[in-house]
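K.L.:
For what it's worth, this note's numbering labels the leading residue of the sequence shown as 367, then goes sequentially.
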Amino acid sequence: MILGNSNTPSALGVVMPLFHWAMPSRYHSIHKNDLARAMVEDATWVFLVQQVDIYATRDRVTWTPRADQWMPLHDAIVKP
Numbered sequence: 367m368i369l370g371n372s373n374t375p376s377a378l379g380v381v382m383p384l385f386h387w388a389m390p391s392r393y394h395s396i397h398k399n400d401l402a403r404a405m406v407e408d409a410t411w412v413f414l415v416q417q418v419d420i421y422a423t424r425d426r427v428t429w430t431p432r433a434d435q436w437m438p439l440h441d442a443i444v445k446p
């Protein structure tokens with residue numbers, strides 16, 4: 367379902383109950399901890415992720431990227 371891959375939890379809290387009737391009943395009976403445990407126990411591959419982030423700024427902008435990839439631009443300083 368497209369709505370399940372959204373990053374707007376407040377909107378999902380309103381929209382998803384409207385589609386509750388369309389979900390299979392066994393979907394509601396699966397607990398996320400059980401699903402996570404099954405994924406770890408039955409994994410045939412080891413999943414490794416190494417993400418490289420590249421940032422570019424102008425010479426006039428003083429800004430340091432954070433380790434958590436959050437970009438609060440109110441910390442950036444623009445030189446005249």
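For each residue, glycine too, the CB sits at the ideal point set by N, CA and C.
(1) Does Val308 come out as helix, strand or coil in the three-state DSSP assignment?
(2) Contact defined as beta carbons within less than 8 Å: I believe Ile442 pairs with Trp429. What is the distance between those atoms, to the nearest angstrom?
(3) Among the candidates Asp400, Met382, Arg424 and Gln417, whose CA atom is the shortest distance from the CA of Gln435?
(4) Just to confirm, is the Cβ distance from Arg426 to Lys445 under 9 Å?
(5) From Asp419 to Met405, what distance separates their C-alpha atoms?
P.N.:
Inspection of the coordinates gives the following:
(1) The structure shown does not extend to residue 308, since the chain is modelled only from 367 through 446, so no value can be given for it.
(2) Correcting the residue identity first, residue 442 is Ala in this sequence and not Ile. Going by Cβ atoms, the distance from Ala442 to Trp429 rounds to 4 Å, so yes, they are a contact pair.
(3) Gln417
(4) Contact flag set, yes.
(5) For Asp419 and Met405, the distance between alpha carbons rounds to 28 Å.
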